[in-house]
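First comes the structure, then the notes that go with it.
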Amino acid sequence: MTGLATEDVGVRVGGRSLVDGVSLEAPRGAVTGVIGPNGAGKSTLLRAIAGVLPHAGRVTLDGAPLPRPGSRTRARLVGYLPQCQDVHWPVTARRAVELGRLPHLGPWSSLSRADTAEVDAALTKTDSTRFADATVTTLSGGERARVLLARVLAAQTAVVLADEPVAALDPGHQLAVMEMLRDEARAERRAVVVVLHDLSLAARACEHLVLMDGGRVVMAGPADEVLGSPWLDRTYAVQFGQGHVRSVPVVTPVRRLEAGEHRPEEHRHAS
Amino acid sequence: MSARVPVVMAVLAVGLVGALAGLMIGYVPYGPLTVLEGLAGFGDPVATAIVREVRLPRTLLALEVGAALGLAGAALQGLLRNPLAEPGLIGVSSSAALGAVIAFHFGLMAWADWALPATAILGAATTTLVLLLIARRAPGTLTLILSGIALSSLAGALTSLALNLAPNPYALNEMVLWLMGSIKDRSMDEVVLVLPFLLVGGTLLLATARGLNALTLGEETAQTLGIHLGRLRALVILGIALVVGAAVSVSGAIGFVGLVVPHMMRPFVGHQPSRLLIPSALGGAALVTVADTLARILPTHQEVMVGVLTAMLGAPFFLTLVLRQWRTMP
């Protein structure tokens with residue numbers, strides 16, 4: 019397989035195991051969604067792959083192990099959009115996006131014309147050109163989220179990791195961002211891994227899904243298989259109703275399951 | 135880059151005018167022509183001696199010390215992502231002063247000239263390192279300032295202890311005068327002594343520009359952009375310790391320059407840390423030169439120490455910043 023793969027990845031923080039024995043594949047050319055309840059270890063897994071948390075196990079890209087975390091060679095391969103959207107200085111949106119080109123610059127060289135072109139393209143893709151010269155700290159949450167996404171896209175990495183990239187966005191921009199990530203994956207053959215809470219969005223935008231709980235992978239596979247599995251309800255302790263609205267998949271929570279009720283046969287499938 | 139050039143030129147002009155004024159003003163005022171003649175070495179021998187041996191070292195030291203403090207302030211603010219960070223405010227300068235006082239106390243300078251800058255640099259490095267460890271575990275302005283105050287008080291107490299246990303009145307007098315922060319009565323020897331430390335430290339700090347920019351998006355993101363955080367922190371700490379330690383060792387504690395200068399520069403060059411470094415160094419040089427000249431022309435019966443003057447102007451400035459930040463907080 020060409021793409022990102024983890025083998026038996028584990029993360030322990032302060033003696034506690036947050037992610038344990040995770041092996042998954044995120045092929046190039048597709049969007050892989052990571053879903054699961056709060057505390058399932060989704061963000062921790064993403065941070066481990068991004069190289070900001072030390073981890074056990076192996077992470078490979080196209081079969082080869084990734085370079086050392088914190089190195090520029092790794093930064094040219096793996097882009098990471100964290101959940102936290104802090105920007106510590108009131109720089110312009112354009113300056114923030116330009117930081118995405120850092121891994122491609124020589125130690126003393128400044129942005130070339132090609133770098134600037136990538137920055138412009140990323141601003142256009144995220145619909146952020148309009149406020150490119152505004153200060154990031156004055157932007158709305160949604161605008162800021164798009165600028166930070168543009169920063170990741172400007173890096174042109176083979177792997178894009180995004181931790182809840184649509185959390186701050188209105189429905190229109192949620193769809194736009196997910197479509198954009200899908201286009202990036204398909205057109206540029208990137209492996210895109212996205213942590214999502216909105217299962218309808220996951221059903222619609224992700225080819226593959228990884229369902230996590232308690233730091234482990236419960237189930238992984240094509241999106242419809244994972245969403246159609248009885249494990250979904252059990253993992254979330256929620257009964258989901260599923261169907262289609264004008265051929266768009268919809269997954270919506272119906273009710274919380276009581277303790278002892280988490281059995282697979284509780285699963286309902288209505289179309 | 136282009137928008138920065140006029141600002142840099144303006145700051146340079148202020149620095150040069152300040153330096154020229156520094157050479158002209160004094161107990162015996164000289165015109166610009168006499169000063170230039172004196173510098174070149176022809177003209178009235180008394181004027182030449184005064185300009186070259188008294189006023190020139192003082193002016194050069196003002197430029198060196200100011201550049202060091204301005205640059206260190208900008209770099210520290212970038213590293214800690216906090217516009218209130220300043221080497222003097224958070225105990226780095228007072229620890230450098232403690233190191234220097236220890237050198238005075240034990241008479242280490244009799245052993246080697248560079249013992250004074252070396253102990254000052256060591257003191258500055260220790261405190262910066264401790265602050266960084268604290269900032270990593272508990273980020274936030276309040277923690278930083280409070281820990282800085284604690285470290286500053288500790289250094290102050292230990293400095294008082296050194297004064298308390300001074301071996302003789304002569305050493306005590308020497309330490310107290312030095313602690314007030316002045317570049318009066320210095321010689322070219324001191325100008326030359328600190329220069330290598332400033333050059334090495336300054337180069338280290340300028341090399342961190344790109345890493346400091348990446349830190350704008352937080353430590354984790356910086357790391358995924360290919361920035362080696364450990365190396366970046368080490369470079370900034372070493373750089374700040376070298377330039378602040380060296381500056382403090384010749385001038386005593388001159389506070390608030392590192393805080394005020396980056397703030398004065400931001401409206402002109404923007405907030406990106408890399409774009410602030412060189413303008414802050416130049417701005418610091420200009421500010422200390424002008425402040426030192428001002429200290430000389432103030433009509434007081436004893437000359438005001440430049441460290442006293444910067445603190446008197448800088449402290450209210452800092453208070454305004456704190457109030458402004460508090461008001462904009464959600």
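Protein chains in written order, with my numbering: chain F, 19 to 289; chain H, 135 to 464.
Just so you know, even glycine gets a beta-carbon here, dropped at the ideal spot from N, CA and C.
Please decide whether residue 267 (chain H) counts as near chain F, where near means a Cβ-Cβ distance under 8 angstroms.
False, the Cβ-Cβ gap to chain F never drops below 8 angstroms.
Note to self: Judging by CA-CA distance, which residue of F:163, F:190 and F:155 is the nearest neighbour of residue 140 (chain F)?
What the structure shows: Taking the Cα of residue 140 (chain F) as reference, the smallest distance to any Cα among F:163, F:190 and F:155 is reached at F:163.
Determine contact between the stretch 419-431 of chain H and the stretch 154-161 of chain H, defined as no fewer than three beta-carbon pairs at a distance below 8 angstroms. The count of Cβ pairs closer than 8 angstroms, one atom from the stretch 419-431 of chain H and one from the stretch 154-161 of chain H, reaches three, so the stretches are in contact.
Exercise. What do you get for residue 347 (chain H), buried or exposed, if any count of 16 or more other CB atoms within 10 angstroms of its CB means buried?
Worked result: Buried, because 16 or more other Cβ atoms sit within 10 Å of the Cβ of residue 347 (chain H).
Counterpart residues of residue 231 (chain F) in DSSP-defined beta bridges: Note: residue 231 (chain F) sits in a beta bridge opposite F:234.
#### Entry: Positions along the stretch 403-416 of chain H whose CB lies within less than 8 angstroms of some CB in chain F
Residues of the stretch 403-416 of chain H whose Cβ lies closer than 8 angstroms to any Cβ of chain F, in chain order: 404, 405, 406 and 407.
Could you work out which residues of chain H lie near residue 68 (chain F), taking near to mean beta carbons separated by less than 7 angstroms? Simply 358.
Pull the bridge partners of residue 98 (chain F) from the DSSP assignment, please.
BP columns for residue 98 (chain F) point to F:179.
Report task. Report yes or no: is there a C-beta of chain F within less than 8 angstroms of the C-beta of residue 270 (chain H)? Result -> Cβ-Cβ to chain F under 8 angstroms: no for residue 270 (chain H).
| query | Going by Cα to Cα distance, which pick from F:49, F:26 and F:64 is closest to residue 355 (chain H)? | reply | Comparing Cα positions, the closest option is F:64.
Practice task
Put residue 261 (chain F) into one of helix, strand or coil per three-state DSSP.
Solution key: Reduced to three states, the DSSP call for residue 261 (chain F) is strand.
### Query
The alpha helix (DSSP H) with residue 311 (chain H) in it runs from where to where?
Note, residue 311 (chain H): alpha helix (DSSP H), 303-313.
Check for me: the beta strand (DSSP E) holding residue 352 (chain H) runs from which residue to which?
Counted as a single uninterrupted DSSP element, the stretch harbouring residue 352 (chain H) is not any beta strand (DSSP E), since DSSP gives it neither H nor E.
- request: Could you tell me the boundaries of the beta strand (DSSP E) in which residue 188 (chain F) lies?
  value: Careful: residue 188 (chain F) lies outside any beta strand (DSSP E) and carries neither H nor E.
Quiz prompt | Under 8 angstroms from the C-beta of residue 362 (chain H): neighbouring residues of chain F | solution = Per Cβ cutoff of 8 angstroms: 88 and 89.
*Using a C-beta to C-beta distance shorter than 7 angstroms, which residues of chain H count as neighbours of residue 113 (chain F)?*
The contacting residues are 406.
In its own chain, which residues sit with a C-beta less than 6 angstroms from the C-beta of residue 402 (chain H), not counting the 5 before and 5 after it? Around residue 402 (chain H), the same chain offers 141 as residues with beta carbons nearer than 6 angstroms, after the five sequence neighbours per side are excluded.
For residue 211 (chain F) versus residue 70 (chain F), is the C-beta spacing smaller than 8 angstroms? At the C-beta level, residue 211 (chain F) and residue 70 (chain F) stay beyond 8 angstroms of one another.
| said: Judging by CA-CA distance, which residue of F:183, F:108 and F:220 is the nearest neighbour of residue 212 (chain H)? | reply: With distances taken between Cα atoms, residue 212 (chain H) lies closest to F:108.
(message) Using beta carbons (cut-off 8 angstroms, strictly below), is residue 24 (chain F) in contact with chain H?
(response) So no, residue 24 (chain F) is outside the interface.
Please compile the residues from chain H whose C-beta is within a distance smaller than 7 angstroms of the C-beta of residue 83 (chain F).
Around residue 83 (chain F), no beta-carbon contact reaches into chain H at under 7 angstroms, the shortest distance being about 17 angstroms.
Can you say whether residue 263 (chain F) is buried or exposed, counting buried as having 16 or more other CB atoms within 10 angstroms of its CB?
Residue 263 (chain F) should be labelled exposed.
task: Can you grab the Cα-Cα spacing for the pair residue 82 (chain F) / residue 95 (chain F), in whole Å?
output: Residue 82 (chain F) and residue 95 (chain F) have their C-alpha atoms some 12 angstroms from each other.
With a 10 Å radius around its C-beta and 16 neighbouring C-beta atoms as the bar for buried, classify residue 130 (chain F) as buried or exposed. With fewer than 16 other Cβ atoms within 10 Å, it is exposed.
With 16 other CB atoms within 10 Å as the buried threshold, where does residue 176 (chain H) fall? Classification for residue 176 (chain H): exposed.
- Message: Spatial neighbours of residue 12 (chain F) within its chain, please: C-beta separation below 7 angstroms, excluding the five flanking residues on both sides.
- Response: There is no way to answer for residue 12 (chain F), as the model of chain F reaches only from 19 to 289.
### Query
Relative to the C-alpha of residue 458 (chain H), which residue among H:303, H:404, H:292 and H:397 is closest?
In this structure, H:397 is the residue among H:303, H:404, H:292 and H:397 with its C-alpha nearest to the C-alpha of residue 458 (chain H).
Just the chain H side, please: which residues come within less than 8 angstroms of residue 140 (chain F) by C-beta, in chain order?
Neighbours of residue 140 (chain F) in chain H, taken as residues at a C-beta separation under 8 angstroms, are lacking, since the least C-beta distance is about 14 angstroms.
Discussion item. What are the residues in the stretch 27-39 of chain F lying within 9 angstroms of chain H by C-beta distance?
Written reply: For the stretch 27-39 of chain F, which is checked against every Cβ of chain H, not one residue is closer than 9 angstroms.
Note to self: Quick check: the Cα distance between residue 174 (chain F) and residue 243 (chain F), rounded to an integer number of angstroms?
What the structure shows: Their backbone Cα atoms lie some 31 angstroms apart in a straight line.
For the 8 angstroms Cβ check, are there 3 or more pairs between the stretch 217-226 of chain H and the stretch 384-397 of chain H? The answer is yes - the stretch 384-397 of chain H touches the stretch 217-226 of chain H, with three or more Cβ pairs under 8 angstroms.
Item checked: Where residue 215 (chain H) meets chain F, residues with beta-carbon distance less than 8 angstroms -> By Cβ distance, chain F contributes 106 and 107.
Taking 8 angstroms as the CB-CB cut-off, is residue 208 (chain F) touching chain H? It does not: the Cβ of residue 208 (chain F) has no partner Cβ on chain H nearer than 8 angstroms.
Chain F partners of residue 348 (chain H), CB-CB under 9 angstroms? Simply 117 and 120.
Requested in this report: Tell me, to the nearest whole angstrom, how far the beta carbon of residue 193 (chain F) is from that of residue 217 (chain F); I am working on the premise that it is less than 8 angstroms.
Outcome: That pair is no contact at about 15 angstroms.
Checklist entry - Which residue's Cα is closest to the Cα of residue 149 (chain H): H:209, H:195 and H:179? => result Of the listed residues, the one whose Cα sits closest to residue 149 (chain H) is H:195.
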